[in-house]
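For any residue, its number in this note's numbering is found by taking its place in the sequence shown, counting from 1, and adding 159. Beta carbons are placed, not taken as given, at the ideal position from N, Cα and C, and that holds for glycine. A quick note: this is a predicted structure, and the numbers were derived from the prediction, not measured. Read through the structure below, which is laid out as structure tokens, and then see the notes.
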Amino acid sequence: MSTTEEVTRKRDRDGDIEPLWFPDGNIVLIAQDAHFRVHRGVLSRNSEIFRVMFDLPQPSDAAETYISECPAIPLSDRKSDVDCMLRALYDGQNYYKHDTALSFSVVCALLRLGTKYQIQHLREEAIRRLGACFPSSLKKFERIIDGPAVKQGEISCREVEITYEDAITVIDMARNLDVPSLLPPAFVACTRLPSEQLIRGVVDGCGDQSYLSKSDLILIVDAQKTLKSEALRSIGSLLTISSPRCIKNISRGRPCKREKQAILEAIWSGQVAPAIDPFTKLTRPNLPVQDAMCEPCWEAFHEQRQKVARDVWASLGVLFRVPSWKGEN
């Protein structure tokens, strides 16, 4: 027994997507109140899950729904996620061009449904893009986390339009969708968020909310203390690090001690924003010192800070309890 429901192609009532509707399509996917008329062959070729779903025999007494004379299959996914998945399958790299940043919501959709329906190339593309925002390489991470972002709160990533608070969603997805490589860098990004944001979570464009688990919140709070302590330790080394090539020691008979003390006093007094972790940039032009350190002493100090940063970066797998993670310099 079957029932037939005729519908016409129209813009989704929410006005946010226009579902794909091919006149020669032979299957209709239903997601929320959106209908997508597509091709079984395209779905079966890319997804073993869809192939098996289509091949399953229907019970003889089951009522099968038809839309525009095509079998209709209801999905439990967001319509926006299904739309992203289908457009990526049909348009390929024209949809996710490698030289163009995708919105964070699109990348999340590709990861969610690429994983759920075993569409490996969509999952890999999403992981590649998120991995560019939360890399295992310290050098890449420092460029991204403190790079020239479009506006405050954003992460400077060429692959994804993403903000610091999106790291909460990344942790949630990395846990649920088995992408542990994203966890330590995303945790570091979360340590830079205010406590209220961490507790409140983040709401995405579809109104769904991502929360950190209690255990992950504890990890972040503990890590904030550890990272700040390491940052202060690296800055404190300023007084003990001097270059044998110190220009002022050669010309005046004393190293840049006074200048170093002035820098530390500026940091402790709040004239310079304190380093919240060992990866925070501390650049010379931002230091309010009239008679600045000479270049050789600054280089020696910078090298010491980088050594601390490398050591801490290598230990993030232990700090955030991700034993499989291997940090690179």
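Original post:
Would the beta-carbon of Gln420 be found less than 6 angstroms away from any heavy atom of the ligand ATP?
Top reply: With respect to the ligand ATP, the structure offers nothing, as it holds no ligand at all.
Original post:
Mind checking whether Gly486 and Ser295 have CB atoms under 7 angstroms apart?
Top reply: As a first step, residue 486 must be located in the sequence shown, where it is residue number 327. As a first step, residue 295 must be located in the sequence shown, where it is residue number 136. Against a cut-off of 7 angstroms, the Cβ pair of Ser295 and Gly486 comes out as a contact.
Subject >> For Leu281 and Ala333, the rounded distance between their alpha carbons >> reply: Start at 1 with the first residue of the sequence shown, and residue 333 comes out as number 174. Start at 1 with the first residue of the sequence shown, and residue 281 comes out as number 122. Distance between the alpha carbons of Ala333 and Leu281: 15 angstroms.
Original post:
How close, in whole Å, do the beta carbons of Val187 and Ser239 come, if the pair is a contact with beta carbons under 8 angstroms?
Top reply: Position 28 of the sequence shown holds residue 187. Position 80 of the sequence shown holds residue 239. At roughly 17 angstroms, the Cβ-Cβ gap does not stay under 8 angstroms, so Val187 and Ser239 are not in contact.
Original post:
Expressed to the nearest angstrom, what Euclidean distance is found between the alpha-carbon atoms of Val481 and Pro343?
Top reply: By one-based count along the sequence shown, residue 481 stands at place 322. By one-based count along the sequence shown, residue 343 stands at place 184. CA-CA distance, Val481 to Pro343, rounds to 7 angstroms.
**OP:** Figure out for me which residue from Val362, Leu357 and Asn488 has the closest Cα to the Cα of Ser372.
**Re:** Counting from 1 along the sequence shown, the entry for residue 372 is found at position 213. Of the candidates Val362, Leu357 and Asn488, the one whose C-alpha sits nearest the C-alpha of Ser372 is Leu357.
**OP:** Within the segment 166 to 245, note down every full alpha helix (DSSP H) run reaching 4 residues or more, in order along the chain.
**Re:** If we require 4 residues or more, the alpha helix (DSSP H) runs fully inside the segment 166 to 245 come out as 199 to 205 and 207 to 214.
Subject >> Sequence ranges, alpha helix (DSSP H) only - wholly within the segment 307 to 352, length at least 4 >> reply: Segments of the alpha helix (DSSP H) lying fully in the segment 307 to 352: 325 to 335 and 342 to 349.
**OP:** Could you pull out every residue in the same chain whose Cβ sits closer than 8 angstroms to the Cβ of Thr350, ignoring the five residues on either side in sequence?
**Re:** Within the sequence shown, residue 350 is the residue found at index 191, counting from 1. Excluding its 5 nearest sequence neighbours in each direction, Thr350 has C-beta neighbours in its own chain below 8 angstroms: Ile379, Ala382, Gln383, Leu386, Ile435 and Asp436, listed in chain order.
Original post:
Do the segment 232 to 249 and the segment 263 to 280 make contact, defined as three or more Cβ pairs closer than 8 angstroms?
Top reply: Contact holds: three or more Cβ-Cβ distances are below 8 angstroms.
Original post:
When DSSP labels each residue in this structure, what does Ser295 get in the three-state scheme?
Top reply: Within the sequence shown, residue 295 is the residue found at index 136, counting from 1. When secondary structure is reduced to three states using DSSP, Ser295 falls in the coil class, being assigned neither helix nor strand.
**OP:** Compare the C-alpha of Ala473 against each of Ile208, Val347 and Phe181 and name the closest.
**Re:** For this step, residue 473 is matched to residue 314 along the sequence shown. Among Ile208, Val347 and Phe181, the Cα nearest to that of Ala473 belongs to Val347.
**OP:** Look at the alpha carbon of Thr143 and the alpha carbon of Arg317, and state the distance between them as a whole number of angstroms.
**Re:** The structure shown has nothing for residue 143, since the chain only spans 160 to 488.
**OP:** Specify the secondary structure class of Pro444 as computed by DSSP and reduced to three states.
**Re:** Locating residue 444 in the sequence shown gives position 285, counting from the first residue. Reliability fails at Pro444, whose pLDDT of 46 lies under 50, so the model's placement of it is uncertain and no value is given.
**OP:** Count the other CB atoms, across all protein chains shown, that sit within 10 Å of the CB of Ile377; report buried if there are 16 or more and exposed otherwise.
**Re:** Walking along the sequence shown from the start, residue 377 turns up at place 218. Residue burial annotation: Ile377 is exposed, with fewer than 16 other C-beta atoms found within 10 angstroms of its C-beta.
Subject >> Which of helix, strand or coil DSSP assigns to Val471 >> reply: Taking the sequence shown and counting its residues from 1, one reaches residue 471 at position 312. DSSP, read as helix, strand or coil, puts Val471 in helix.
Subject >> Bounding residues of the alpha helix (DSSP H) (the contiguous stretch that carries Ala382) >> reply: Taking the first residue of the sequence shown as position 1, residue 382 is located at position 223. In the DSSP assignment, Ala382 falls within the unbroken alpha helix (DSSP H) covering Lys373 to Gly395.
Subject >> Leu104 versus Gln279 - alpha carbon distance >> reply: A question about residue 104 goes unanswered here, because the residues of the chain that appear run from 160 up to 488.
Original post:
Can you tell me the Cα-Cα spacing of Ser483 and Leu179, whole angstroms?
Top reply: Numbered from its first residue, the sequence shown carries residue 483 at position 324. Numbered from its first residue, the sequence shown carries residue 179 at position 20. One C-alpha to the other measures close to 40 angstroms.
Subject >> Boundaries of the alpha helix (DSSP H) in which Phe263 is found, first to last residue >> reply: Within the sequence shown, the letter at position 104 stands for residue 263. DSSP places Phe263 in the uninterrupted alpha helix (DSSP H) bounded by Phe263 to Lys275.
**OP:** Take Leu234 as the anchor and find which of Phe293, Gly395, Gln191 and Asp242 has the nearest alpha-carbon.
**Re:** The sequence position of residue 234 within the sequence shown is 75, counting from 1. Closest by alpha carbon: Gln191.
Subject >> Val361 in three-state terms, based on DSSP >> reply: Position 202 of the sequence shown, counted from the first residue, corresponds to residue 361. Strand.
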